[in-house]
Amino acid sequence: MSDTIQRSVLVTGASRNIGREIALAFAREGAFVLVHAGQDEAAAKETADLVEQAGGKAAVAIGDLADPETPARLVQQTVHLTHRLDVVVANAAIRPEATFETLSFEDWRRVMALALDSVFLLAQAALPHLRRGTQPSFIAIGGMTGQSGAKGRPHVVAAKAGVSGLVKALAHEVGSDGITVNCVSPGMIHTQRQGPEPAHHAERRNPLQRLGTAQEVAAAVHMLAGPDARFITGQTLHVNGGALMP
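If you want it as structure tokens, here you go:
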């Protein structure tokens, strides 16, 4: 397969919404995409079918990223199928709501494991392969509340702030290998939600006076992994319509 694809890309949390659009952005260039989902295999397979229709190749991987063995398994599966790894997009996360006083340590650790620890583990597993990749890029998906804060999400805010910090540290570590490491931080994006609209959304406004789209976030990710962004590393790119201007 490695002779027939443009690049080999691993995208976590790619079964729907932003993750799916990221997978499709790479599919349009003829890339192979490993489509990861935590549980919903049917949705992941739907994304994989869309990747194939868009001109790419795809395979599906199911696994809980809170399990510390899962990130390395995803990397190994991608390399086994394509004999290479060029881009990793750490998109998977959960965003439950709880006030600080009611938040259990178990729930705190669950969010940290999936949204921050898994990014660390993915990077460690991927780096030996990215060093041999084409335009090697590691991109993590953050969140605006990681910079702005928000009510009812102390664990999510802390995890997303940690992602931005990890990106900076990792960029210093691997810059000499030609690997770029960046974070894309979406603001309020129109997505299909499995629960109610987060309470803090009612407090947010942006100069463009609209929600963003998953495609707009995916375009930012694809740009950072492309040939015109090889001098961009250690950055957090905010895609939020101007709601936060750091």
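The opening position of the sequence shown corresponds to residue 23 in our numbering, with each subsequent residue numbered one higher. Here a beta-carbon is modelled for each residue, glycine too, at the ideal position from N, C-alpha and C. Just so it is clear, the structure is predicted and the values come from calculations on it, not from any experiment.
Taking C-alpha positions only, Ala83 is separated from Leu192 by approximately 26 angstroms. The DSSP assignment places 159-163 as complete runs of the beta strand (DSSP E) inside the region 116-183, in order along the chain (cut-off: 3 residues). Partner residues in the beta bridge of Thr258, as assigned by DSSP, are Cys205. Straight-line measurement puts the Cα of Leu72 at about 7 angstroms from the Cα of Leu46. Here DSSP, grouped into helix, strand and coil, assigns Phe54 to strand.
The beta carbon of Gln28 sits closer than 6 angstroms to the beta carbons of Glu51, Gly52, Ala53 from its chain, once the five residues preceding and following it are set aside; these are given in chain order. In this model, Thr235 and Val97 are separated by some 28 angstroms (Cα to Cα). Each residue's CA atom was taken as its position, placing Thr167 and His105 some 37 angstroms apart. Looking at the DSSP output, Ile84 bridges to Ala59. Under the three-state reduction of DSSP, Ile40 is assigned to helix.
Remark: C-beta atoms of Val110 and Leu188 do not approach each other more closely than 7 angstroms. For Leu266, no alpha helix (DSSP H) segment is defined, and its DSSP state is neither H nor E.
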